[in-house]
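Novice:
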Ligand SMILES: Nc1ncnc2c1ncn2[C@@H]1O[C@H](COP(=O)(O)OP(=O)(O)OP(=O)(O)O)[C@@H](O)[C@H]1O
Ligand SMILES: [Mg+2]
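Protein chains in written order, with my numbering: chain E, 1 to 296; chain F, 1 to 259.
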């Protein structure tokens with residue numbers, strides 16, 4: 001038998017639990033909002049401030065000089081010119097960095113997947129994790145020492161690409177290994193049981209099966225390096241004209257944002273450039289999420 | 001024990017086979033047996049007795065894992081399988097796994113022809129079509145999929161996928177087909193289709209099949225092995241084994257005392 005007081009205490013316990021539940025529920029919502037809000041505010045601000053500058057001209061021309069910008073602002077007009085040198089520079093360096101990091105990263109990831117327990121694999125995994133935590137400015141410094149001082153004998157797109165590639169590498173290594181690990185062993189065994197040589201199993205079965213995972217890793221890697229500024233200050237330096245020679249200094253969208261920041265007449269261009277950069281990053285993120293979702 | 005360990009002109013001849021995952025512990029312990037050509041041989045025994053391990057030794061699947069050790073000999077048509085290239089051996093022995101595992105990126109058509117495609121063996125279109133149709137007809141899947149050959153193989157039902165996987169193993173024209181509990185994930189209708197299939201396939205192939213299902217072994221196999229703790233306890237004509245088991249453990253297993 002349950003006494004009356006027992007019953008009451010259970011009731012009060014239940015209602016206390018309910019209140020606790022509600023409290024945590026509220027807390028969760030509050031914390032989620034705190035997380036989401038800055039992103040929304042940032043995007044909102046960028047669109048409001050930056051959209052006015054965006055036009056075809058903005059994409060195909062180089063920035064104005066300080067005086068042109070000043071007179072346009074004084075006349076209340078749109079600042080002329082654009083950030084074509086930054087766009088091409090970013091594309092150039094991201095492409096070169098990808099061309100270096102993707103093959104190396106995928107091959108390393110495959111090695112880790114194939115030899116999970118080998119000493120060298122463990123070492124590689126740890127070093128790759130450490131690399132992921134190295135501040136990007138340090139990577140810039142390293143690319144400066146290796147490339148700027150010894151290979152191109154001066155600031156260059158190549159040096160920038162090297163620093164970005166090192167940044168991208170651990171992400172691709174990890175995502176490749178994780179993606180391959182998710183493929184059921186039985187798929188691999190089925191292919192081998194058909195008498196298919198190992199490298200063909202890898203190229204024709206495992207990589208296609210994990211393709212969307214690999215692509216997701218690559219896109220996230222690219223979106224990660226797209227906005228990097230610090231290492232580029234020490235390597236690519238920046239350039240006021242469109243340059244596609246990787247041995248020469250080159251501009252990049254984040255570098256231009258930095259330059260605009262240092263010139264009071266160019267403030268409006270900060271917003272539009274940031275908007276473009278943010279749009280690119282968002283696009284890559286959403287695309288990679290979409291690819292990852294379709295896989296399931 | 002007077003197990004039939006020697007059969008005239010066997011497809012496979014297993015002698016003193018040991019397989020261990022951990023040093024000194026044998027998952028397959030001194031197994032010797034000949035497998036009769038154009039017949040269905042069932043491997044039975046309680047869970048963990050080494051059935052899959054034995055089956056996977058035949059196409060050298062164990063070599064994929066460094067820690068697994070294999071000792072003893074297996075001859076395929078009189079030739080030592082450990083002395084031939086693994087690729088050649090595996091092309092002569094088709095394998096069907098417990099769970100259907102069609103290649104997820106490939107269409108039904110490409111799954112059937114995968115043995116050729118992945119190996120880079122180029123066939124004329126008409127020849128390919130012929131192989132795909134014949135293999136799918138062999139597994140009684142043709143009528144169900146002929147209008148959607150270019151759909152992904154993974155869109156099929158579990159039973160259809162398993163028949164697709166058998167078709168994939170058949171398409172390459174192996175001598176021996178190794179099946180590891182091919183019907184354990186399937187419903188009775190799909191199971192009975194696959195059982196009928198096996199009986200009809202033995203005209204052209206030799207079938208070695210692991211099964212947990214005693215009535216299935218009784219229905220379709222000509223020969224049966226009973227394994228226990230890695231050892232081959234009894235091996236003989238299925239009819240004899242089910243009516244007059246020689247070993248007490250076989251009898252206990254068949255009467256449901258364990259397993
Ligand atoms: N990958 C592995 N690593 C270590 N031990 C294993 C591995 N696979 C199987 N074993 C062990 O080897 C023994 C035989 O396993 P096996 O898979 O051959 O059994 P089985 O007869 O096929 O069982 P089931 O009917 O459950 O499939 C078991 O004791 C099992 O624990
Ligand atoms: Mg098994």
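The beta-carbon is built from N, C-alpha and C at its ideal position, and this holds for glycine as well.
What you are looking at is a predicted structure, and each value in this text was computed from that prediction instead of being measured.
Quick one: Cα of residue 29 of chain E to Cα of residue 41 of chain E, how far?
Specialist: 18 Å
Novice: Check the Cβ of residue 118 of chain F against every Cβ in chain E and list those closer than 8 Å, keeping chain order.
Specialist: Per Cβ cutoff of 8 Å: 191, 194, 196, 200, 201, 204, 205.
Novice: If you compare alpha carbons, which of F:70, F:163, F:88 is closest to residue 192 of chain F?
Specialist: F:163
Novice: Any beta-carbon of chain E closer than 9 Å to the one on residue 293 of chain F?
Specialist: Here chain F comprises residues numbered 1 to 259, so residue 293 of chain F is not present and cannot be evaluated.
Novice: In this structure, how does DSSP classify residue 18 of chain E when only helix, strand and coil are distinguished?
Specialist: Residue state, collapsed to three classes: helix.
Novice: Return the CA-CA distance between residue 115 of chain F and residue 171 of chain F, expressed in angstroms with no decimal places.
Specialist: For residue 115 of chain F and residue 171 of chain F, the distance between alpha carbons rounds to 7 Å.
Novice: If residue 140 of chain E and residue 255 of chain E are in contact, beta carbons under 8 Å, what's the gap, nearest whole angstrom?
Specialist: Their Cβ separation, rounded to whole angstroms, is 12 Å, which puts residue 140 of chain E and residue 255 of chain E out of contact at 8 Å.
Novice: Check whether chain F comes within 9 Å of residue 187 of chain E, counting only Cβ atoms and requiring the distance to be less than that.
Specialist: yes
Novice: Tell me which same chain residues have a C-beta within less than 8 Å of the C-beta of residue 6 of chain E, skipping the five on either side of it?
Specialist: none
Novice: Need the endpoints of the alpha helix (DSSP H) that residue 182 of chain E sits in, please.
Specialist: First-last of the alpha helix (DSSP H) with residue 182 of chain E: 157-182.
Novice: Would you give the residue range spanned by the beta strand (DSSP E) that residue 69 of chain F belongs to?
Specialist: DSSP places residue 69 of chain F in the uninterrupted beta strand (DSSP E) bounded by 69-76.
Novice: Using beta-carbon positions only, say whether residue 82 of chain F and residue 190 of chain E come within less than 9 Å of one another.
Specialist: no
Novice: Using a Cβ-Cβ cut-off of less than 8 Å, list which residues of the region 204-224 of chain E approach chain F; keep chain order.
Specialist: 204, 205, 208, 209, 211
Novice: Could you give the DSSP three-state label for residue 145 of chain F: helix, strand or coil?
Specialist: Here residue 145 of chain F sits in helix by DSSP.
Novice: On the DSSP letters alone, give me the boundaries of the beta strand (DSSP E) that residue 247 of chain F sits inside.
Specialist: Unbroken run through residue 247 of chain F: none, as it is neither H nor E.
Novice: Is there at least one Cβ from chain F nearer than 9 Å to residue 298 of chain E's Cβ?
Specialist: Summary: the structure shown does not reach residue 298 of chain E, with chain E confined to residues 1 through 296, and so no result is reported for it.
Novice: Ligand 2 and residue 181 of chain F: does the residue's C-beta get closer than 8 Å to at least one heavy atom of that ligand?
Specialist: With a cutoff of 8 Å, residue 181 of chain F counts as near ligand 2, since its C-beta is closer than that to a heavy atom of the ligand.
Novice: Determine, using beta carbons only, whether residue 52 of chain E and residue 19 of chain E come nearer to each other than 9 Å.
Specialist: no
Novice: Quick one: give me the first and last residue of the alpha helix (DSSP H) that residue 35 of chain F is part of.
Specialist: First-last for residue 35 of chain F: 25-35, but that is the beta strand (DSSP E), not the alpha helix (DSSP H).
Novice: Residue 104 of chain F versus chain E: which residues are under 8 Å apart at the beta carbon?
Specialist: 187, 209
Novice: Is it right to say residue 127 of chain F is buried, meaning 16 or more other beta carbons lie within 10 angstroms of its own, or is it exposed?
Specialist: Classification of residue 127 of chain F: exposed, given that the 10 Å Cβ count is below 16.
Novice: Whose Cβ in chain E lies nearer than 8 Å to the Cβ of residue 38 of chain F?
Specialist: For the C-beta of residue 38 of chain F, not a single chain E residue is nearer than 8 Å; the gap to the nearest is close to 22 Å.
Novice: Quick one: give me the first and last residue of the alpha helix (DSSP H) that residue 130 of chain E is part of.
Specialist: Per DSSP, residue 130 of chain E belongs to the alpha helix (DSSP H) from 119-133.
Novice: Touch check for the region 242-255 of chain E and the region 226-233 of chain E: three-plus C-beta pairs under 8 Å?
Specialist: Taking 8 Å as the limit for Cβ pairs, the verdict is that the region 226-233 of chain E does touch the region 242-255 of chain E.
Novice: Could you tell me the boundaries of the alpha helix (DSSP H) in which residue 189 of chain F lies?
Specialist: Taken as a continuous stretch (DSSP letters only), the alpha helix (DSSP H) holding residue 189 of chain F covers 188-201.
Novice: With distances taken between CB atoms, is the gap from residue 197 of chain F to residue 140 of chain F smaller than 9 Å?
Specialist: yes
Novice: Can you list every residue whose CB sits closer than 5 Å to some heavy atom of ligand 1, going in chain order?
Specialist: F:21, F:27, F:47, F:48, F:49, F:50, F:51, F:52, F:53
Novice: Residue 210 of chain F: beta carbon under 8 Å from a heavy atom of ligand 2?
Specialist: yes
Novice: Roughly how many whole angstroms lie between the Cα atoms of residue 192 of chain E and residue 203 of chain E?
Specialist: 13 Å
Novice: Is it buried or exposed for residue 286 of chain E, if we count other Cβ within 10 angstroms and need 16 for buried?
Specialist: The Cβ neighbour count for residue 286 of chain E, taken over all protein chains shown within 10 Å, is under 16; the residue is labelled exposed.
Novice: Can you list, in chain order, the residues of its chain whose CB lies under 6 Å from that of residue 291 of chain E, leaving out five sequence neighbours each side?
Specialist: 212, 215, 216
Novice: Check whether the region 203-220 of chain F and the region 26-33 of chain F are in contact - that is, three or more C-beta pairs closer than 8 Å.
Specialist: no
Novice: Buried or exposed for residue 239 of chain F, going by 16 or more other Cβ atoms inside 10 Å?
Specialist: exposed
Novice: For chain E, find out if any of its Cβ atoms is closer than 9 Å to the Cβ of residue 97 of chain F; answer yes or no.
Specialist: yes
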